[in-house]
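Enquirer: Here it is, the structure, as structure tokens.
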Amino acid sequence: TGSEAPDIYYGPFAKFLKGFRQTELNDTEPRTNIWSMEEIVANQFPSNCLDRQFLIYSIATDGATGLFSVVNQMISALATALMLNRTLMFVTQTDKPWMYAPRHQCHDAIGRYRAWNCYLDPITNCEAPKVDDIRRFGRPQGHLWTKLAEFQTYAKNYKSVTLNIFFAREVFARLTQNPPLDSAQHMQHDANLVAFLFRPVRAIVQYKEGLKAWLGLDKVSSFATVHIRRTDKANEAFLYTTTEYIQMLRESNAPKHVFIMTDDPSVAGALQEISDRTGAGFRFYHSPQLRPREGATPAMIRDSSATRSDAASAPEFPVVRHTVEFVADCMIAAEATFFVGSCGS
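Read in order, the letters of the sequence shown correspond to residues 1 to 345 in the UniProt record's numbering.
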């Protein structure tokens, strides 16, 4: 913290990264770079945007990836931007609308498309440059994207560099160098990055507070959260029965007040019935707006008027309302002192 040099986890790109950040390297002892919130904010909100170099993360608008999949990609992108001493920006490829953020609902006061800011606070005060001094990296082939093998040679020469993790997962993973998932270093590495990125806009925060008060969870000293996903992730491993969720709550001495996140309307009643019948003593709470029974999958959102069996009469999926409700549920869940969820959660 402060003026101390941050501890950095280096890997195959150590020699390459040395040119971007002056730090003593120690290849025999893996280390993780734990960025302070002050360092992140200073990197993302520079006093002079004209003098900054940028790392532009461009999401594929036609990819079937969920909201938090994109947030997870942004964690790696922000870590990379910090290591390269570049300010991270979020854009959609060729300015196409993101499936979670319709253009007509997600724009600023002067009409500029703001996909990320539809739900989360801005990650920078700089605007993506509309100049030719941009180099795109990510696709192994194609006239718009330079091979990632050339990244080492060309990255430093360009004011703006555009990356897409989906087109180069393996190389991007080596570049970001996250510590092992089962290590405390991984939690420390991600904590401030996530806290900076996942800052819901004021309207969603207010909605969450109102929902929490309506449920009565603002009046309890502590509560647990159960996330039961029964639709698009139903075939994954480690899917538990409602009885097993009750057993896990009991065995772990979880709080008796339990908030439910689910896409199955039958779950809430089933959990309460089992708890009452077995004397477990839990009281369950859930949002009045349960996610749709068929699951709000990316494919469903994208094809809501084209591929469903009732396509002729199916209205456009209310994706903004659904996403606001989902983010609010996640915010409440994050305030719990205990969490139980399936692998697909």
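Positions of the beta carbon are idealized from the N, C-alpha and C atoms, including for glycine.
(1) Determine the direct distance from the alpha carbon of Ile34 to that of Phe198, and round the result to whole angstroms.
(2) Residues bridged to Phe339 by DSSP?
(3) How about the segment 42-54 and the segment 67-76: do they share at least three Cβ pairs that are nearer than 8 Å?
(4) Could you please give the first and the last residue of the uninterrupted beta strand (DSSP E) stretch that includes Leu82?
(5) Tell me whether Asn253 is buried or exposed, calling it buried when 16 or more other Cβ atoms sit within 10 Å of its Cβ.
(6) Can you tell me where the alpha helix (DSSP H) with Arg277 in it begins and where it stops?
(7) If Phe196 sits next to Ile332, beta carbons under 8 Å apart, how far is it from one beta carbon to the other, in whole angstroms?
(8) Would Phe259 be called buried (16 or more neighbouring beta carbons within 10 Å of its own) or exposed?
(9) Which whole-angstrom value describes the C-beta separation of Asn192 and Met37, a residue pair presumed to lie in contact below a C-beta threshold of 8 Å?
(10) Measuring only the C-alpha atoms, how far is Glu335 from Val320?
(11) Note down, in chain order, each residue of its chain lying with its Cβ closer than 6 Å to the Cβ of Phe68, except the 5 sequence neighbours on either side.
(12) Between which two residues does the alpha helix (DSSP H) harbouring Ile40 extend?
(13) Whole angstroms is fine: what's the gap from Arg86's alpha carbon to Met248's?
(14) Kindly indicate which three-state DSSP category Leu215 falls into: helix, strand or coil?
(15) How would you write the range of the alpha helix (DSSP H) that Met331 sits in, first residue to last?
(16) Which runs of the beta strand (DSSP E) spanning at least 3 residues fall entirely within the segment 86-132, listed in chain order?
(17) Would Phe223 pass as a contact of Thr124 if the rule is Cβ separation under 8 Å?
(18) To the nearest whole angstrom, what separates the beta carbons of residue 401 and Asp121, a pair I think is in contact under 8 Å?
(19) Helix, strand or coil: how does DSSP classify Thr241 here?
(20) Express the C-alpha separation of Ser183 and His189 in angstroms, rounding to a whole number.
(21) What separation, rounded to the nearest whole angstrom, lies between the Cα atoms of Arg114 and Tyr100?
(22) Are the CB atoms of Met187 and His227 nearer to each other than 8 Å?
(23) Residues in its own chain within less than 6 Å of Phe282 by CB, not counting five upstream and five downstream?
(24) Report the option in Met89, Asp218 and Leu239 whose CA atom is closest to the CA atom of Gly341.
(25) Measuring alpha carbon to alpha carbon, tell me which residue in Cys126, Arg230 and Ile56 is nearest Gln93.
(26) I'd like to confirm the pairing. Which residues does DSSP put opposite Phe259 in its beta bridges?
(27) Quick check: does the Cβ of Thr241 come within less than 7 Å of any heavy atom belonging to the ligand SAH?
(28) Taking only the alpha-carbon atoms, compute the straight-line gap between Gln272 and Glu325 and give it to the nearest angstrom.
(29) Where does Val220 fall in DSSP's three states?
(30) With DSSP collapsed to three states, give me the class of Val201.
(31) To the nearest angstrom, report how far apart Cys126 and Ala213 are at their CA atoms.
Expert: Reading it off the structure:
(1) For the purposes of this step, residue 198 is taken as residue 198 along the sequence shown, with counting starting at 1. For the purposes of this step, residue 34 is taken as residue 34 along the sequence shown, with counting starting at 1. If I take the Cα positions, the gap works out to 17 Å.
(2) For this step, residue 339 is matched to residue 339 along the sequence shown. Its beta-bridge partners are Thr225.
(3) Counting Cβ pairs under 8 Å, fewer than three are found: no touch.
(4) The count along the sequence shown starts at 1 and reaches residue 82 at position 82. It is not in any beta strand (DSSP E) - Leu82 instead sits in the alpha helix (DSSP H) that spans Leu67 to Met83.
(5) Walking along the sequence shown from the start, residue 253 turns up at place 253. Label assigned to Asn253: exposed.
(6) Looking up residue 277 in the sequence shown gives position 277. For Arg277, the enclosing alpha helix (DSSP H) begins and ends at Ser266 to Thr278.
(7) Taking the sequence shown and counting its residues from 1, one reaches residue 196 at position 196. Taking the sequence shown and counting its residues from 1, one reaches residue 332 at position 332. In fact, because the Cβ distance is near 21 Å, the residues do not count as touching under 8 Å.
(8) For the purposes of this step, residue 259 is identified with residue 259 of the sequence shown, where counting begins at 1. Result: buried.
(9) Against the sequence shown, residue 192 aligns to sequence position 192. Against the sequence shown, residue 37 aligns to sequence position 37. Met37 and Asn192 do touch by the CB rule: their CB atoms are close to 5 Å apart, below 8 Å.
(10) To locate residue 335, count along the sequence shown from 1; it is residue 335. To locate residue 320, count along the sequence shown from 1; it is residue 320. Rounded to whole angstroms, the separation of the alpha carbons of Val320 and Glu335 is 23 Å.
(11) Counted from its first residue, the sequence shown places residue 68 at position 68. Result list for Phe68: empty, nothing under 6 Å.
(12) What you label residue 40 is simply residue 40 of the sequence shown in a count that begins at 1. Where Ile40 is concerned, the enclosing alpha helix (DSSP H) stretches over Met37 to Gln44.
(13) Sequence index remark: in the sequence shown, residue 86 carries index 86 (1-based). Sequence index remark: in the sequence shown, residue 248 carries index 248 (1-based). The straight-line gap separating the alpha-carbon atoms of Arg86 and Met248 is approximately 45 Å.
(14) Translated into the one-based positions of the sequence shown, residue 215 becomes position 215. Helix.
(15) Start at 1 with the first residue of the sequence shown, and residue 331 comes out as number 331. Going by DSSP, Met331 is part of the alpha helix (DSSP H) stretching over Val319 to Ala334.
(16) Listed in chain order, the complete beta strand (DSSP E) runs (minimum 3 residues) inside the segment 86-132 are 87-92.
(17) The residue labelled residue 223 in the question sits at position 223 within the sequence shown. The residue labelled residue 124 in the question sits at position 124 within the sequence shown. Contact: no.
(18) Limits of the chain in this structure are 1 at one end and 345 at the other, which puts residue 401 out of reach.
(19) Residue 241 sits at position 241 when you count from the first residue of the sequence shown. Coil.
(20) By one-based count along the sequence shown, residue 189 stands at place 189. By one-based count along the sequence shown, residue 183 stands at place 183. CA-CA distance, His189 to Ser183, rounds to 10 Å.
(21) Position 114 of the sequence shown, counting from 1, holds the residue named residue 114. Position 100 of the sequence shown, counting from 1, holds the residue named residue 100. Cα-Cα distance, rounded: 11 Å.
(22) Stepping through the sequence shown from its first residue, residue 187 is reached at position 187. Stepping through the sequence shown from its first residue, residue 227 is reached at position 227. Here Met187 is not near His227, since their CB atoms are 8 Å or more apart.
(23) As a working note, residue 282 is residue 282 in the sequence shown. Counting only Cβ-Cβ distances below 6 Å, and skipping sequence neighbours, we find Lys256, Val258 and Ser275.
(24) Counted from its first residue, the sequence shown places residue 341 at position 341. That would be Leu239, whose Cα lies nearest to the Cα of Gly341.
(25) In the sequence shown, counting from the first residue as 1, residue 93 sits at position 93. Cα-wise, what sits closest to Gln93 is Ile56.
(26) For the purposes of this step, residue 259 is identified with residue 259 of the sequence shown, where counting begins at 1. Beta-bridge pairing links Phe259 to Thr225 and Tyr285.
(27) Because no ligand of any kind appears in the structure shown, any question about the ligand SAH cannot be addressed here.
(28) Locating residue 272 in the sequence shown gives position 272, where the first residue counts as 1. Locating residue 325 in the sequence shown gives position 325, where the first residue counts as 1. Going from the Cα of Gln272 to the Cα of Glu325 covers about 23 Å.
(29) Numbered from 1 along the sequence shown, position 220 holds the residue referred to as residue 220. Val220: coil per DSSP, three-state reduction.
(30) Reading the sequence shown from its first residue, position 201 is the one you call residue 201. Residue state, collapsed to three classes: coil.
(31) Locating residue 126 in the sequence shown gives position 126, counting from the first residue. Locating residue 213 in the sequence shown gives position 213, counting from the first residue. Between Cys126 and Ala213, the alpha-carbon positions lie close to 37 Å from each other.
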